[in-house]
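In what follows, a single structure is set out as structure tokens and then discussed.
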Amino acid sequence: MTDPIPTMSAIGLKAPNKPADVVPFLDAYIAKKEAEITEIEEMVERYEKRRLKEERAYQAMSSFRRLLSGRKPAHHLAVEYIHYVKKPMERARKLRVEADRARHLLDSPKSSDEKLSDLETLT
């Protein structure tokens with residue numbers, strides 16, 4: 085019913101407790117987000133290659149075999165697309181925004197104390 089609130093430690097990073105730890109933390113945070121984005125994009129690419137391969141195999145069949153083999157209904161393909169492409173790409177977009185915010189915070193001329201207080205808004 086009530087999901088736990090995600091914290092920095094819940095995503096695998098320990099939040100810094102002093103200003104000197106902010107820069108390495110932000111670097112690790114950005115790297116982790118970029119790795120997740122890459123992983124999502126690879127998953128989507130694998131799905132698209134598999135779908136293309138299935139479509140080619142279907143088109144290569146004789147018309148009689150196509151008649152007997154059947155094909156997934158269009159609404160099943162649409163649900164698959166939403167599940168394997170659209171939702172993951174939305175998540176990747178959100179991760180990019182988070183990484184950009186962290187990169188902006190890292191590049192800002194603020195002091196480490198101010199950056200530490202701004203880290204609260206990242207999650």
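Each residue of the sequence shown is one higher than the one before, counting from 85 in the numbering used here. Don't be surprised by glycine CBs; every beta carbon is placed ideally from N, CA and C.
Let me know the secondary structure DSSP gives residue i once reduced to three states.
{"i": "Ile89", "result": "Residue placement at Ile89 is flagged as unreliable, the pLDDT there being 48, under the threshold of 50; the coordinate-derived value follows with that caveat. If DSSP states are grouped into helix, strand and coil, Ile89 belongs with coil."}
{"i": "Lys116", "result": "helix"}
{"i": "Lys137", "result": "helix"}
{"i": "Pro157", "result": "coil"}
Cutting at 7 Å between CB atoms, please list the residues of its own chain near residue i, excluding the five before and the five after it.
{"i": "Ile89", "result": "Residue confidence for Ile89 is low, a pLDDT of 48 falling below 50, so the modelled location carries little weight; the figure read from the coordinates is stated next. For Ile89, where only same-chain residues beyond five positions count, there are no Cβ hits under 7 Å."}
{"i": "Leu179", "result": "Lys117, Glu120 and Ile121"}
Determine the contact status of residue i and residue j, defining contact as a CB-CB distance below 8 Å.
{"i": "Ala176", "j": "Ile124", "result": "yes"}
{"i": "Tyr168", "j": "Tyr142", "result": "no"}
{"i": "Glu118", "j": "Ala183", "result": "yes"}
{"i": "Pro172", "j": "Val128", "result": "yes"}
Counting along the chain, where does the alpha helix (DSSP H) carrying residue i start and finish?
{"i": "Met173", "result": "Lys171 to Asp191"}
{"i": "Ser153", "result": "Ser147 to Ser153"}
Can you name, in chain order, every residue of its own chain whose Cβ lies under 8 Å from the Cβ of residue i, other than the five neighbours on each side?
{"i": "Arg155", "result": "Tyr142"}
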